[in-house]
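Engineer: Below are the structure tokens for one structure; questions will follow.
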Amino acid sequence: GIAIAVSITDLIILAVLVLCIYFSRTCRESWQAWSLKCFKEWSTILWLAIPSCISVCLEWWWYELMIVLAGVLPNAADAVSAMGVLIQATALIYIFPSSLGLALSARVGNELGASRPEHARATSLVALACAVATGLIVMLCTIVMRTVWGRFFTKDGAILVLTAAALPVVGLCELGNCPQTTVCGALRGSARPTLGANINLVAFYFVGLPVAGIMCFKIRMGLLGLWMGLLAAQGVCAVVMVVMLMRTDWAEEARKARELTANREEPDDDGENSDQRPK
Numbered sequence: 001g002i003a004i005a006v007s008i009t010d011l012i013i014l015a016v017l018v019l020c021i022y023f024s025r026t027c028r029e030s031w032q033a034w035s036l037k038c039f040k041e042w043s044t045i046l047w048l049a050i051p052s053c054i055s056v057c058l059e060w061w062w063y064e065l066m067i068v069l070a071g072v073l074p075n076a077a078d079a080v081s082a083m084g085v086l087i088q089a090t091a092l093i094y095i096f097p098s099s100l101g102l103a104l105s106a107r108v109g110n111e112l113g114a115s116r117p118e119h120a121r122a123t124s125l126v127a128l129a130c131a132v133a134t135g136l137i138v139m140l141c142t143i144v145m146r147t148v149w150g151r152f153f154t155k156d157g158a159i160l161v162l163t164a165a166a167l168p169v170v171g172l173c174e175l176g177n178c179p180q181t182t183v184c185g186a187l188r189g190s191a192r193p194t195l196g197a198n199i200n201l202v203a204f205y206f207v208g209l210p211v212a213g214i215m216c217f218k219i220r221m222g223l224l225g226l227w228m229g230l231l232a233a234q235g236v237c238a239v240v241m242v243v244m245l246m247r248t249d250w251a252e253e254a255r256k257a258r259e260l261t262a263n264r265e266e267p268d269d270d271g272e273n274s275d276q277r278p279k
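If you want it as structure tokens, here you go:
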């Protein structure tokens with residue numbers, strides 16, 4: 001029943017998006033006739049899209065891996081159940097930095113495309129400040145609600161104990177995840193998604209995974225050790241991404257954005273620029 005409900009929800013979201021596009025005044029005004037040009041320049045799109053997809057997958061696969069590792073623990077049934085409750089918390093929290101990152105990506109791309117590098121920089125810093133504030137609020141909420149959150153899902157005492165012990169660590173993870181996810185938006189907006197994917201790969205699988213293994217199985221911290229590994233990964237990821245953001249040469253990124261959009265100024269087959277045609 002749950003799987004069917006999720007599938008129906010996704011289909012409804014898709015239908016609503018299609019209807020919004022179909023009835024959107026902006027889309028109608030910008031629509032032109034079908035053309036074979038729709039099938040050109042796909043390499044540029046894929047060059048941006050694939051690393052962005054990989055970056056998100058690397059992070060979410062880590063959560064799936066934690067569920068698998070929780071199943072190896074002596075109290076596997078309770079650990080897996082508690083992990084599910086905790087991951088639901090992270091999924092709910094992820095909505096906020098993800099939305100901020102998507103908005104930042106669009107805004108940074110627009111500012112760089114309009115040759116306003118200082119605006120892109122200022123927007124990124126404001127978004128980063130909002131992300132840090134969000135992370136602090138989330139961390140406080142997880143501490144306050146550590147004995148309450150699990151009760152929304154179960155009454156099992158063992159699961160509630162595990163959830164209450166790990167939830168403050170989840171809050172610390174989100175303190176790093178909120179800025180990290182938001183800065184990823186700035187990297188996408190400045191056409192640098194590969195950088196974000198590489199940082200996620202190193203942070204989660206070359207730092208977080210070994211730390212999780214040591215904490216969980218060597219030091220015998222159990223479920224809490226897995227989240228300590230995620231905390232290490234999120235911390236490294238956030239620090240590196242913020243450093244990369246601060247070191248960004250926005251004027252150079254604006255120049256690259258002009259190069260990426262230079263094909264708009266190229267003449268068509270009839271020798272006329274597409275932007276100069278009469279409406």
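The numbering of the sequence shown is full-length UniProt numbering, which starts it at 1 and goes up by one. The C-beta atom is built at its ideal place from N, Cα and C for all residues, glycine as well.
Taking the alpha carbon of valine 132 as the point to measure from, which residue in Met215, Thr182, Glu253 and Cys53 has its own alpha carbon closest?
Structural biologist: Considering only alpha carbons, the answer is Thr182.
Engineer: I'd like the span of the alpha helix (DSSP H) that includes tryptophan 34, first residue to last.
Structural biologist: Unbroken run through tryptophan 34: none, as it is neither H nor E.
Engineer: Select from Ala127, Ser30, Leu230 and Arg247 the residue whose C-alpha is nearest the C-alpha of leucine 65.
Structural biologist: Leu230
Engineer: Exposed or buried, tryptophan 61, counting other C-beta atoms within 10 Å across all chains shown (16 or more means buried)?
Structural biologist: exposed
Engineer: How many Å lie between leucine 69 and valine 211 at the Cα?
Structural biologist: Per the coordinates, the alpha-carbon of leucine 69 lies some 13 Å from the alpha-carbon of valine 211.
Engineer: What's the C-alpha gap between alanine 103 and leucine 17?
Structural biologist: The alpha-carbon atoms of alanine 103 and leucine 17 are separated by roughly 17 Å.
Engineer: Excluding sequence positions up to five away, which residues of its chain have a Cβ less than 7 Å from the Cβ of methionine 139?
Structural biologist: Gly171, Leu172, Glu174 and Leu175
Engineer: Which residues in the same chain as aspartate 10 place their Cβ atom closer than 6 Å to its Cβ, once the five residues preceding and following it in sequence are excluded?
Structural biologist: none
Engineer: Note down the Cα distance separating cysteine 38 from tryptophan 31, rounded to an integer number of angstroms.
Structural biologist: 12 Å
Engineer: Give a yes or no on whether the C-beta atoms belonging to alanine 197 and proline 97 are separated by under 8 Å.
Structural biologist: no
Engineer: Compute the beta-carbon to beta-carbon distance between alanine 82 and leucine 162, rounded to the nearest angstrom, for a pair I have assumed lies under 8 Å.
Structural biologist: Alanine 82 to leucine 162, Cβ: 4 Å. Contact.
Engineer: For glutamine 180, which residues from the same chain have a beta carbon less than 6 Å from its beta carbon, with the 5 sequence-adjacent residues on both sides left out?
Structural biologist: Cys237, Ala238 and Met241
Engineer: So glycine 135 and cysteine 178 are supposed to be a Cβ contact under 8 Å. How far apart are they, rounded?
Structural biologist: The Cβ separation is near 4 Å, so the contact holds.
Engineer: How many Å lie between glycine 1 and alanine 129 at the Cα?
Structural biologist: 41 Å
Engineer: Counting Cβ pairs closer than 8 Å, one from the stretch 108-126 and one from the stretch 186-205, do we hit at least three?
Structural biologist: yes
Engineer: Could you compute how far the alpha carbon of isoleucine 199 sits from the alpha carbon of glycine 157?
Structural biologist: 38 Å
Engineer: If we ignore side chains and look at the alpha-carbon of each, how far apart do alanine 166 and glycine 225 end up?
Structural biologist: 9 Å
Engineer: What is the DSSP secondary structure of alanine 5, counted as helix, strand or coil?
Structural biologist: helix
Engineer: Unbroken alpha helix (DSSP H) runs of length 4 or more, entirely within the stretch 34-111: which are they?
Structural biologist: Segments of the alpha helix (DSSP H) lying fully in the stretch 34-111: 42-70.
Engineer: Return the Cβ separation of serine 43 and alanine 254 in integer angstroms, given the expectation that the two are a contact with Cβ distance under 8 Å.
Structural biologist: Rounded, the Cβ-Cβ distance is 22 Å, inconsistent with contact.
Engineer: How would you call aspartate 78, buried or exposed, if buried means at least 16 neighbouring beta carbons within 10 angstroms?
Structural biologist: buried
Engineer: Using C-beta distances below 8 Å, list every residue in its chain close to leucine 160, excluding the 5 sequence neighbours before and after it, in chain order.
Structural biologist: Thr147, Gly150, Arg151 and Thr154
Engineer: Between which two residues does the alpha helix (DSSP H) harbouring tryptophan 250 extend?
Structural biologist: 250-260
Engineer: Rounded to whole angstroms, what's the CA-CA distance from aspartate 249 to methionine 228? Just pull it up for me.
Structural biologist: 34 Å
Engineer: Pick from Gly71, Phe206 and Ala127: whose alpha carbon is nearest that of phenylalanine 217?
Structural biologist: Gly71
Engineer: Could you give the C-beta distance for serine 124 and leucine 260, rounded to a whole number, given that I count them as a contact under 8 Å?
Structural biologist: Contact flag wrong, Cβ pair sits at about 18 Å.
Engineer: Inspect the beta-carbon positions of alanine 233 and leucine 48 and report whether they are closer than 8 Å.
Structural biologist: In this structure, the beta-carbon distance from alanine 233 to leucine 48 does not fall below 8 Å.
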